[in-house]
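Note that our numbering has the first sequence beginning at 85, numbered continuously upward.
Note that CB positions come from ideal geometry on N, CA and C, so glycine has one too.
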Amino acid sequence: MNGRAIFRVYLIKPTRLFLCFSCSPSSKPVFHSSYDPPTCISSLQACADHKNISKGKEIHSFLLKNGFLSSPLSVTSLINMYSKCNLMNHALKVFNYPTHDDKNVFAYNAIIAGFIANGFSGDGFEFYKKMRLVGIVPDKFTFPCVIRSCGDVMVALEVKKTHGLVFKLGLELDVFVGSALVNTYLKIELIVEAQKVFEELPVRDVVLWNSMVNGFAQIGRFHEALEVFRRMRENGVIPSRYTVTGVLSIFSMIEDFDNGRIVHGFVTKMGYDSGVAVSNALIDMYGKCKCVSVALNIFEAMDAKDIFSWNSIISVHQQCGDYDGTLRLFDRMLGNWVSPDLVTVTTVLPACSHLAALMHGREIHGYMIVNGLGKDGNSNVFNDIMVNNAVMDMYAKCGNMRDARMVFDLMREKDVASWNIMIMGYGMHGYGDEALNIFYHMCQSQQAPDEITFVGLLSACSHVGKVKKGRDFLAEMESTYGVCPTIEHYTCVIDMLGRAGQLKEAYELLLTMPIKANPVGWRALLAACRLHKNTEMAEIAARNVIELEPEHCGNYVLMSNVYGVVGRYEEVSEVRHTMRQQNVKKTPGCSWIELMNGVHVFITGDRTHPETDTIYDGLYSLTALLQEHEYVPLI
DNA sequence: GTAGGGTTAG
């Protein structure tokens, strides 16, 4: 056909024109000169491949009108066509058509495969049970689908029962059945069973090898996955696009840049880079290996980008801390009329949280509500806990605890992260009582706290000066809640004691705690010494922190501020001199504010903003107002 | 006429 589609019009009935076509090996429509049932069947296959619903429906009504629907062949093809076009209600109607009382194994296989492929594994499995109940014996076409559906709903017992039947029917050596079994056993982490099926299969094709490699990869067994991959190559099996996608995801997880690059070379050699999934895996691998520009080049060079491509490149930027870039790519995605999904929003929302970009975050939340993204019916609640958590976290980090609380209260299901976000948020913004209150509710609702919960609680106590409460939490967290205190928890308590002026207690804790103090702990003490003007303790803290982290500019700045606050200016210049000697540079402080459509960035002493005079006028009046209220700022 | 394998998120 030279890749060209030629349409011919056939006369079906005197009054009706009808187009018949089927699929050539090059996937281009080919035409038939007759309109008998066999032609309709091949045409239906073409409709399934091209998702041509209207043509498929036309053939359906033709078959119906001409009494061909009693043919089991037509029924199977119609069910298959509707399933591939994601119209399961239509497929079911054909299956349940009154004249099809005696359904055969083909019709059952087609409807089971249809339900499972459309994500309704439970329904698919129900049809399998019904099929067995009416006495139809499943065949080698039934099992691959049914076994897959067992994996989707994670029922180990059903897989084993089905596997037993596979043996009884003598189908255990079929490679299709075998790879489905390997796939499902690995998914539910029955590794020994998967390996046994694999080893006993006499013929191993590339799909079976992929099931092993990718199955291991998906459950985090990277070593085993790579070992199977090595054996696969040893056996002379040429990796397919599916293989490289899986293997790239492993190198991405373990951040193995060198091997990732070798696979990239192979991909180019084989021409696999024309595949979207392969390129997406490459983007992810380079991103995880911190090669953002290479990832971006691959993304830009792609002809056809799918939602995975956008999500991957957005995630690469988010993970490397380029939050501005994350939001820019998200805007570009919308500009390209690509609809974000739940993965997109859960990646972009944290960028809003980091930038405290409330407007952007609120817009995304609005977009999710308006477009019903992950929504449950007409309410504004999302089904997905992770998405709700991302929305909540965005509001909490942007300081809008009211909206964070609203999302939290509406959530039907909460996980430990949901509670932690609220505790952290309340603590961070100075609502210590609310943080504790949420924690008590958490305990009442039988949600076990984790390490992060206690970081939240301790930092909440620290910010509002609840020293006794904080110490109690540290003492009880292991005995009462079974959470072992980590360095982070001790650091929170040191910070809390320091802020409350209990410098001696903080210092004692630094020396006596069961974990070796880290620079963060000593720096917390140093900051507290500045606050409470204790130069003696500050010198001890500074000595320790500089020993552990000599290049950190904050240590020197804090120490010089301690001297400054008590008027020991000679020492101030001494510290500054040491900084110069050690070549420690102070990173200028930076803050930003989101206003209307833009983010305004300010660096310490910055006078470059176009409206700098107005801004400083505002600052002066604020300072005056603070002084009027006798506010004494801390240095 | 009907079957098996891949990539993105806290």
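### Message
Output needed for F282: all residues of its chain with C-beta closer than 6 Å, excluding positions within five of it in sequence on either side, in chain order.
### Response
Position 198 of the first sequence, counted from the start, is the residue given in the question as residue 282. V266, M296, listed in sequence order.
### Task
From the DSSP output, in three-state form, read off H616 for me.
Looking up residue 616 in the first sequence gives position 532. In the structure shown, H616 sits in coil (DSSP, three-state: anything other than H, G, I, E or B).
### Same chain only: Cβ atoms within 8 Å of A721, ignoring 5 sequence neighbours per side
Here the chain comprises residues numbered 85 to 719, so residue 721 is not present and cannot be evaluated.
### Task
Kindly indicate which three-state DSSP category S106 falls into: helix, strand or coil?
Reading the first sequence from its first residue, position 22 is the one you call residue 106. A caution first: S106 carries a pLDDT of 41, below 50, which makes its placement in the model too unreliable to give a value.
### Query
For the candidate residues D487, E695, K252, whose alpha-carbon lies nearest to that of L442?
Within the first sequence, numbered from 1, the residue matching residue 442 stands at position 358. Nearest option by C-alpha distance: D487.
### Query
Could you give the residue range of the alpha helix (DSSP H) that holds S423?
Position 339 of the first sequence, counted from the start, is the residue given in the question as residue 423. Here S423 belongs to no alpha helix (DSSP H), and DSSP marks it neither H nor E.
### Task
In angstroms with no decimal places, state the Cα-to-Cα distance between V539 and D477.
As a first step, residue 539 is located in the first sequence; it is residue number 455 there, counting from the start. As a first step, residue 477 is located in the first sequence; it is residue number 393 there, counting from the start. The alpha-carbon atoms of V539 and D477 are separated by roughly 16 Å.
### Query
How long is the line joining the alpha carbons of V685 and D408, rounded to whole angstroms?
For the purposes of this step, residue 685 is taken as residue 601 along the first sequence, with counting starting at 1. For the purposes of this step, residue 408 is taken as residue 324 along the first sequence, with counting starting at 1. Whole-angstrom Cα-Cα distance: 12 Å.
### Query
Looking only at C-alpha atoms, which of K213, G554, V291 sits nearest to V259?
To locate residue 259, count along the first sequence from 1; it is residue 175. For V259, the nearest C-alpha among the options comes from V291.
### Query
Which residue spans inside the stretch 298-370 form an unbroken alpha helix (DSSP H) run of at least 4?
306-318, 325-337, 341-354
### Query
Since I677 sits in a beta bridge, which residues does DSSP pair it with?
Within the first sequence, the letter at position 593 stands for residue 677. H684, per the DSSP bridge assignment.
### Query
If F445 sits next to C482, beta carbons under 8 Å apart, how far is it from one beta carbon to the other, in whole angstroms?
For this step, residue 445 is matched to residue 361 along the first sequence. For this step, residue 482 is matched to residue 398 along the first sequence. Note that residue 445 is Gly in the sequence shown here, rather than Phe. Right, their Cβ atoms sit about 6 Å apart.
### Message
Quick check: H513 and L542, are their CB atoms within less than 7 Å of each other?
### Response
Reading the first sequence from its first residue, position 429 is the one you call residue 513. Reading the first sequence from its first residue, position 458 is the one you call residue 542. Cβ atoms of H513 and L542: not closer than 7 Å.
### Task
Evaluate Y591 with the Cβ neighbour count: other Cβ atoms within 10 Å of its Cβ, from every protein chain shown; 16 or more gives buried, anything less gives exposed.
As a first step, residue 591 is located in the first sequence; it is residue number 507 there, counting from the start. Buried, since its Cβ has 16 or more Cβ neighbours within 10 Å.
### Status (buried if at least 16 other CB within 10 Å, exposed otherwise) for S117
Sequence index remark: in the first sequence, residue 117 carries index 33 (1-based). Caution applies to S117, whose pLDDT of 41 falls short of 50 and renders its modelled position unreliable; the model cannot decide the point.
### Query
For S657, does the count of other Cβ atoms within 10 angstroms reach 16, so buried, or fall short, so exposed?
For this step, residue 657 is matched to residue 573 along the first sequence. S657 comes out exposed.
### Query
Given a threshold of 16 other Cβ atoms within 10 Å of its Cβ, counted over all protein chains shown, does L703 qualify as buried or as exposed?
To locate residue 703, count along the first sequence from 1; it is residue 619. Under this definition L703 is an exposed residue.
### Query
What residue range is occupied by the uninterrupted alpha helix (DSSP H) comprising L457?
The count along the first sequence starts at 1 and reaches residue 457 at position 373. Looking at the DSSP string, L457 is not in any alpha helix (DSSP H), and its letter there is neither H nor E.
### Task
Could you say which of V454, V239, W503 lies nearest to A209 if we only look at CA atoms?
Position 125 of the first sequence, counted from the first residue, corresponds to residue 209. The sequence given here has Phe at residue 209, not Ala. The candidate whose alpha carbon is nearest that of F209 is V239.
### Message
Am I right that A196 and F211 are in contact with their C-beta atoms under 8 Å? What's the rounded C-beta distance?
### Response
In the first sequence, counting from the first residue as 1, residue 196 sits at position 112. In the first sequence, counting from the first residue as 1, residue 211 sits at position 127. In the sequence on display, residue 196 carries Ile and not Ala. At roughly 5 Å, the Cβ-Cβ gap stays under 8 Å, so I196 and F211 are in contact.
#### Entry: Classification of A608 by the beta-carbon crowding that lies within 10 angstroms, buried from 16 upward
Residue mapping note: residue 608 aligns to position 524 of the first sequence, counting from 1. Burial call: buried.
### Query
When you compare only the Cα positions, how much space is there between D556 and C545?
As a position in the first sequence, residue 556 is number 472, starting the count at 1. As a position in the first sequence, residue 545 is number 461, starting the count at 1. Across the structure, D556 and C545 are spaced so that their CA atoms are roughly 11 Å apart.
### Query
Which residues in the same chain as V347 place their Cβ atom closer than 7 Å to its Cβ, once the five residues preceding and following it in sequence are excluded?
Reading the first sequence from its first residue, position 263 is the one you call residue 347. Cβ within range, chain order: V328, V331, L332, F335.
### Query
What do you get for I448, buried or exposed, if any count of 16 or more other CB atoms within 10 angstroms of its CB means buried?
Working through the first sequence from its first residue, we reach residue 448 at position 364. By the neighbour-count rule (16 or more Cβ atoms within 10 Å), I448 is buried.
### Message
Can you tell me where the alpha helix (DSSP H) holding D517 begins and where it ends?
### Response
Numbered from its first residue, the first sequence carries residue 517 at position 433. Per DSSP, D517 belongs to the alpha helix (DSSP H) from 516-528.
#### Entry: Terminal residues of the alpha helix (DSSP H) in which V577 lies
For the purposes of this step, residue 577 is taken as the residue at position 493 of the first sequence. Here the alpha helix (DSSP H) through V577 covers 571-583.
### Message
Applying the 10 Å Cβ sphere with the 16-neighbour rule, what's the burial state of D368?
### Response
Mapped onto the first sequence, residue 368 falls at position 284. By the neighbour-count rule (16 or more Cβ atoms within 10 Å), D368 is buried.
### Message
So, with DSSP's three-state summary, where would you put F557?
### Response
Sequence index remark: in the first sequence, residue 557 carries index 473 (1-based). The DSSP-derived three-state label of F557 is helix.
### Query
Relative to the C-alpha of I578, which residue among Q302, T564, V604, R216 is closest?
Here residue 578 is taken as the residue at index 494 of the first sequence, counted from 1. It is V604 whose Cα lies nearest to the Cα of I578.
### Task
Measure the Cβ-Cβ separation of V362 and V351 and say whether it is below 7 Å.
On the first sequence, residue 362 is found 278 positions in, with the first residue counted as 1. On the first sequence, residue 351 is found 267 positions in, with the first residue counted as 1. Their beta carbons are under 7 Å apart, which means V362 touches V351 by this criterion.
### Sheet register partners of F414 (DSSP bridge)
On the first sequence, position 330 is the one that residue 414 refers to. In DSSP, F414 forms no bridge with anything.
### Query
Do you know whose CA, among D697, K244, T671, lies nearest I687's CA?
Start at 1 with the first residue of the first sequence, and residue 687 comes out as number 603. Ranking the options by Cα distance to I687, first place goes to T671.
### Separation of L520 from K552, as counted between CA atoms
Counting from one through the first sequence, the residue named residue 552 turns up at place 468. Counting from one through the first sequence, the residue named residue 520 turns up at place 436. Each residue's alpha carbon lies about 13 Å from the other.
### Query
Apart from the five residues on each side of it in sequence, which residues of its chain come closer than 6 Å, Cβ to Cβ, to S705?
Walking along the first sequence from the start, residue 705 turns up at place 621. Excluding residues within five positions, none has a Cβ falling inside 6 Å.
### Query
Does the beta-carbon distance from S233 to I200 come in below 7 Å?
Walking along the first sequence from the start, residue 233 turns up at place 149. Walking along the first sequence from the start, residue 200 turns up at place 116. Yes. Within cutoff.
### Query
Alpha carbon to alpha carbon, how far is M506 from F492?
Within the first sequence, numbered from 1, the residue matching residue 506 stands at position 422. Within the first sequence, numbered from 1, the residue matching residue 492 stands at position 408. If you take the alpha carbons of M506 and F492, they lie about 8 Å apart.
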